[in-house]
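**Q** The numbers in our numbering rise by one with no breaks, and the one at position 2 of the sequence shown is 30.
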Amino acid sequence: WLGAGIEGDRRRHHTPRFDIDESCLPAGAAVLAAAAQRALAEW
């Protein structure tokens, strides 16, 4: 859901040849960190 695949590359997630677009990692980390902070604040 982060668009981790490289545009134009037909290899899909969960295959041995998948190549991740690492530029999406900071956005994904930020989303997960915010979710963790929210969960801890509400817990």
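Cβ atoms here follow ideal geometry from the backbone N, Cα and C, with glycine treated the same way.
Treat the numbers as computed from the prediction; the structure is a model and nothing was measured.
Over the uninterrupted alpha helix (DSSP H) stretch that includes R45, give me the two end residues.
**A** For the purposes of this step, residue 45 is taken as the residue at position 17 of the sequence shown. No alpha helix (DSSP H) contains R45, which DSSP labels as neither H nor E.
**Q** Between which two residues does the alpha helix (DSSP H) carrying G56 extend?
**A** As a first step, residue 56 must be located in the sequence shown, where it is residue number 28. The continuous alpha helix (DSSP H) containing G56 extends over residues 53-70.
**Q** Just how far apart, CA to CA, sit L68 and A61?
**A** Numbered from 1 along the sequence shown, position 40 holds the residue referred to as residue 68. Numbered from 1 along the sequence shown, position 33 holds the residue referred to as residue 61. For L68 and A61, the gap between their C-alpha atoms comes out near 11 Å.
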